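A.B. asks:
Numbering (the numbering used here), first residue to last: 76 to 604.
1. Give me the Cα-Cα distance between residue 289 and residue 283, rounded to the nearest whole angstrom.
2. Can you give, in chain order, each stretch of the beta strand (DSSP E) that sits fully within the region 375-444 and has at least 3 residues?
3. Just to confirm my understanding: we take residue 87, look at its own chain, exclude 5 residues before and 5 after, and list those with CB closer than 8 Å. What are they?
4. If you measure between the beta carbons of residue 465 and residue 517, is that distance less than 9 Å?
5. Taking its Cβ as the centre, do 16 or more other Cβ atoms sit within 10 Å of residue 544, making it buried, or is it exposed?
6. On the three-state DSSP scale, how would you describe residue 176?
7. Under three-state DSSP, which class holds residue 520?
8. Taking the beta strand (DSSP E) that residue 294 belongs to, which residues open and close that run?
9. The beta strand (DSSP E) spanning residue 362 covers which residue range?
10. Three or more C-beta pairs closer than 8 Å, one from the region 380-397 and one from the region 534-548: is that the case here?
11. From this set, 528, 369 and 536, which residue's C-alpha is nearest residue 443's C-alpha?
12. For the candidate residues 493, 452 and 469, whose alpha-carbon lies nearest to that of residue 532?
13. Alpha carbon to alpha carbon, what distance is there between residue 163 and residue 187?
14. Is the region 499-509 touching the region 472-481, taking contact as three or more C-beta pairs under 8 Å?
15. Would you mind stating whether residue 546 and residue 446 have Cβ atoms separated by less than 9 Å?
16. So is residue 181 buried or exposed if we call it buried at 16+ other beta carbons inside 10 Å?
17. Which residue from 94, 137, 439 and 174 puts its Cα closest to that of residue 214?
18. Classify residue 594 as helix, strand or coil using the three-state DSSP reduction.
19. Rounded C-beta distance between residue 558 and residue 571? I'm assuming under 8 Å.
20. In terms of residues, what are the limits of the beta strand (DSSP E) holding residue 475?
21. Could you tell me which residues DSSP pairs with residue 589 in its beta bridges?
22. Grab the span of the beta strand (DSSP E) containing residue 535 for me, first residue to last.
23. Where does residue 287 land, buried or exposed, given buried means 16+ other C-beta within 10 angstroms?
24. Among all the DSSP beta bridges, which residues are the ones paired with residue 157?
25. Out of curiosity, what's the CA-to-CA distance linking residue 137 and residue 143?
26. By the 10 Å Cβ neighbour count, where 16 or more other Cβ atoms means buried, how is residue 425 classified, buried or exposed?
27. By DSSP, does residue 24 sit in helix, in strand, or in coil?
28. CA-CA distance, residue 83 and residue 550?
29. In terms of alpha-carbon separation, which member of 407, 600, 161 and 133 lies closest to residue 436?
30. State buried or exposed for residue 522, treating a residue as buried only when at least 16 other CB atoms are found within 10 Å of its CB.
31. What are the boundary residues of the alpha helix (DSSP H) that residue 213 is part of?
32. Below 7 Å CB to CB, which residues in the same chain sit around residue 151 once its five sequence neighbours on both sides are set aside?
33. With hydrogens ignored, establish whether the beta-carbon of residue 520 is closer than 8 Å to any heavy atom of the ligand SAM.
34. Could you check the C-alpha separation between residue 285 and residue 386 for me, to the nearest Å?
35. From the DSSP secondary-structure annotation, give me the bridge partner or partners of residue 283.
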C-alpha cells in the first residue's frame, strides 16, 4: 500500500482554537488590573501582592500551557490520502489514527470566517453517512484557500473513482472540467503537499444567483413576527428605563443598577434585532448550481460557506413558509443531508430562497429535478375524526387549568375587596387564555397539518402559523412506525413517524393523523426496489 505525502493543518488553527481563552484573559486584565495600575504611584508597588495580579498570572500560565498543547497537537497531526481514504494521524502522547472512507462522504464544504478571510485560509468540512456522527462535523481541516479548493476537487474526483455517479459539467461531458488537472495533481499520487499541484477553482457560472433584491425579499419573508414584537417591546422598555432615570434625580444613586437593567433590555433588543435581520446578511451572494449528480451551494458575507453535495446523499426536500410568506404565497426550499445543518450556527441548509410557487418549480427543475414533481403532490388534511381523539386530552388539560385557578381563588381569601377583584380577574383571565391558546393551537394544526403518499414520495405537512413540508423518497426512509389508541382505532385513523439518516433535528418526522391506507403505501414504497 503506497502512502501519500503527509501535510498539516495551517498554523492558524492554533489561533482559532485559543482565541476565546485569550479574549477572556484580555477582558479580565482590562477590567481588573488596569484600574489598579492607574491608581498606583511610581514608587508604590504594593499592588503586586494583590490577588488580582496573581489570578491574572495564573490564567496567563494556564493559557501558555494550553497554547503549547495546541501547538504540539498541530505539529504532530498529519493528514494524507491513501487507497481512497483520508487518514488523520495524531502522534501526541496518545497516538490516534482516524480513517475516513471517501466513498462514504455525504458532503464536502468550504467555510471562511472573517479571520480566515483576512489571512487567506479556508476551512474544509466533511461529513459521512453515519448516524452516530450526524450532529457534528466529522472532519475539519484548515488550509490556504487555494489548497482547500484543490483538496476538495481531489476528494470529489476520488468519490467518482470509487463508484459514485459521474459528474456532468456540460453537454457531452461526464466529468468535472477540472478533473484532468487533479488527475495529475499532488494529491492523487501523494507525491507532494498541498499547494504544489495545479490551481483549480469552482468559479464557473451558477444556475441561480441571488441579487440584492432577492436577499431583501428573502429576509422580509423570513422575519419572525414574534421576534419583531419582542424587538418592539424591548425597545420600548429600554426607552422607558432611560427616560425614568433621566427624569428622577433620586435614581441617580442607583444609576449602576439602572444601567444593568438597561443593558439587559438592550441585549434583548439586539438579540431580537439580529433574529429579524440575520437572513439579510447570512445569505448574501447566494448561488447554487447542479452539475451532473452534485449540487454546489455558496453564500455568506460575514462567513462564506460553500457546499458540495452528492445528490444521491440527499435524504429529503423541505419546503417552508413563514407566516409572512404564507400570506404572500411564497416558498423556500432546504435539503436534508447528513452534515448540512448539523451545527448550531448552521441550522438551515438552503437550496432555494423565498419565491413564488412557479419560480420554485423552475429552480427545482434546474437543481433537483428528482423531486421537482412533488410540488404538485396532494396533501390530505387530517380527518375530522381526529377531534374525537384530541378532545379527551384537551378536557383533562382544561380541568387541570380550572383546578389551578380554583386553588388560586382560595388563596385570595383575606385580601382587600379591590385587590381581590383584580387578583381573581388575573387568575381566571389567565386560565381562560391558557385554555383558548391550546384550543387555537389544535385548530391551527388541524387546518395546516396533513400527509400525502404518492407513487415515489411521501409528503408531510405540519405547522401552526407557518407551513412546513417534508418530501422524502420511500427508499430514503430508514424505518417507520405507526400507532393508534382505542379511540383512533374506532375512528379508523392512525399516526406515525419516519426516520431518516440525518442530524437529530431532521432525523425524525411525525406523520399527522391519517385514514387507514396511507400506511400500506409507505410500506410498499419502502420495500420496492
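C-beta: ideal position from N, C-alpha, C; glycine also. All of these numbers come straight from a predicted model, not from anything done at the bench.
C.D. replies: Straight from the coordinates:
1. Reading the chain shown from its first residue, position 214 is the one you call residue 289. Reading the chain shown from its first residue, position 208 is the one you call residue 283. If you take the alpha carbons of residue 289 and residue 283, they lie about 11 Å apart.
2. You should have 379-385, 389-396, 406-412 and 425-430.
3. Locating residue 87 in the chain shown gives position 12, counting from the first residue. 190, 191, 194, 196 and 217.
4. The residue labelled residue 465 in the question sits at position 390 within the chain shown. The residue labelled residue 517 in the question sits at position 442 within the chain shown. The Cβ-Cβ distance between residue 465 and residue 517 falls below 9 Å.
5. Counting from one through the chain shown, the residue named residue 544 turns up at place 469. It is buried - the Cβ of residue 544 has at least 16 other Cβ atoms within 10 Å.
6. Position 101 of the chain shown, counted from the first residue, corresponds to residue 176. Correct three-state label for residue 176: strand.
7. In the chain shown, counting from the first residue as 1, residue 520 sits at position 445. Looking at residue 520 - three-state DSSP - the assignment turns out to be helix.
8. If you number the chain shown from 1, residue 294 lands on position 219. Unbroken run through residue 294 is the alpha helix (DSSP H), 287-297; no beta strand (DSSP E).
9. The residue labelled residue 362 in the question sits at position 287 within the chain shown. Where residue 362 is concerned, the enclosing beta strand (DSSP E) stretches over 362-366.
10. At 8 Å Cβ cutoff, the stretches touch.
11. Numbered from 1 along the chain shown, position 368 holds the residue referred to as residue 443. Nearest of 528, 369 and 536 to residue 443, Cα basis: 369.
12. Mapped onto the chain shown, residue 532 falls at position 457. Among 493, 452 and 469, the Cα nearest to that of residue 532 belongs to 452.
13. Here the question's residue 187 lines up with position 112 in the chain shown. Here the question's residue 163 lines up with position 88 in the chain shown. Near 21 Å, if we compare the C-alpha coordinates of residue 163 and residue 187.
14. yes
15. The sequence position of residue 546 within the chain shown is 471, counting from 1. The sequence position of residue 446 within the chain shown is 371, counting from 1. Their beta carbons are under 9 Å apart, which means residue 546 touches residue 446 by this criterion.
16. Working through the chain shown from its first residue, we reach residue 181 at position 106. Counting every other CB atom within 10 Å of its CB across the protein chains shown gives residue 181 a total of 16 or more, marking it as buried.
17. Translated into positions along the chain shown, residue 214 becomes position 139. Nearest in C-alpha terms to residue 214, of all of 94, 137, 439 and 174, is 174.
18. Here residue 594 corresponds to residue number 519 of the chain shown, with the count starting at 1. Helix at residue 594.
19. Working through the chain shown from its first residue, we reach residue 558 at position 483. Working through the chain shown from its first residue, we reach residue 571 at position 496. For a cut-off of 8 Å, the C-beta gap from residue 558 to residue 571 is around 7 Å, short enough to register as a contact.
20. As a position in the chain shown, residue 475 is number 400, starting the count at 1. Where residue 475 is concerned, there is no enclosing beta strand (DSSP E), although the alpha helix (DSSP H) it sits in stretches over 461-486.
21. One-based indexing of the chain shown puts residue 589 at position 514. According to DSSP, which records beta bridges pairwise, residue 589 is partnered with 569.
22. Numbered from 1 along the chain shown, position 460 holds the residue referred to as residue 535. Its beta strand (DSSP E) spans residues 532-537.
23. As a working mapping, residue 287 is identified with position 212 in the chain shown. Its Cβ having fewer than 16 others within 10 Å, residue 287 is exposed.
24. Your numbering for residue 157 matches position 82 in the chain shown. Residue 157 pairs with 160.
25. Working through the chain shown from its first residue, we reach residue 137 at position 62. Working through the chain shown from its first residue, we reach residue 143 at position 68. The straight-line gap from Cα to Cα measures roughly 10 Å.
26. Numbered from 1 along the chain shown, position 350 holds the residue referred to as residue 425. Under this definition residue 425 is a buried residue.
27. Only positions 76 to 604 of the chain appear in this structure, which leaves residue 24 out of reach.
28. Counting from one through the chain shown, the residue named residue 83 turns up at place 8. Counting from one through the chain shown, the residue named residue 550 turns up at place 475. When rounded, the distance between both Cα atoms is 40 Å.
29. Numbered from its first residue, the chain shown carries residue 436 at position 361. Of the listed residues, the one whose Cα sits closest to residue 436 is 407.
30. Here the question's residue 522 lines up with position 447 in the chain shown. It counts as exposed.
31. Translated into the one-based positions of the chain shown, residue 213 becomes position 138. Segment: none, residue 213 is in no alpha helix (DSSP H) and carries neither H nor E.
32. What you label residue 151 is simply residue 76 of the chain shown in a count that begins at 1. Within the same chain, residue 151 has close Cβ partners 165, 166 and 167.
33. The ligand SAM is absent from the structure shown, which contains no ligands of any kind.
34. What you label residue 285 is simply residue 210 of the chain shown in a count that begins at 1. What you label residue 386 is simply residue 311 of the chain shown in a count that begins at 1. So the two alpha carbons sit approximately 22 Å from each other.
35. Locating residue 283 in the chain shown gives position 208, where the first residue counts as 1. When beta bridges are read from the DSSP output, residue 283 appears opposite 363.
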